[in-house]
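K.L.:
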Amino acid sequence: MKVHMLTTIDNPYDPFEQWDEWYAWDLRSGYNTPAYLARIVKTSSDLSDADDHKEIEAAIDEIVELNVLGIYRKITKDIEIGTS
4 MKVHMLTTID NPYDPFEQWD EWYAWDLRSG YNTPAYLARI VKTSSDLSDA DDHKEIEAAI
64 DEIVELNVLG IYRKITKDIE IGTS
């Protein structure tokens, strides 16, 4: 499954593998990227996981397209979903 994250061009950390470091750096830089994404995304607890991921990706795409500050970028990673 492809999972998408929003990051900035100057953040040296990988939000997939180094979330705590990535988040601390983002906050210290004054971006607060997760809160920005939360303000844009149109999601609901009524959505399926797949639809929720689509809405998050759409919000990331919107932020990257507008990119008023010129700092945002979308990164993608294939995540294997385990089966029990």
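Final position of the sequence shown in our numbering is 87; the numbers increase by one with none missing.
Even glycine gets a Cβ: it sits at the ideal position worked out from N, Cα and C.
Identify whether Leu50 lies in helix, strand or coil by the three-state DSSP scheme.
P.N.:
As a position in the sequence shown, residue 50 is number 47, starting the count at 1. Leu50 falls in the coil class under three-state DSSP.
K.L.:
Count the other CB atoms, across all protein chains shown, that sit within 10 Å of the CB of Ile66; report buried if there are 16 or more and exposed otherwise.
P.N.:
The residue labelled residue 66 in the question sits at position 63 within the sequence shown. With 16 or more Cβ atoms within 10 Å of its Cβ, Ile66 is classed as buried.
K.L.:
From Arg31 to Asp52, what does the alpha carbon distance come to, in whole angstroms?
P.N.:
As a first step, residue 31 must be located in the sequence shown, where it is residue number 28. As a first step, residue 52 must be located in the sequence shown, where it is residue number 49. Roughly 31 Å separates the two Cα atoms.
K.L.:
For the alpha helix (DSSP H) that Leu30 lies in, which residues bound it at each end?
P.N.:
Position 27 of the sequence shown, counted from the start, is the residue given in the question as residue 30. Element bounds for Leu30: 22-31.
K.L.:
Using the Cβ count rule (16 or more neighbours within 10 Å means buried), how would you classify Asn14?
P.N.:
Against the sequence shown, residue 14 aligns to sequence position 11. When all chains shown are included, Asn14 counts as buried.
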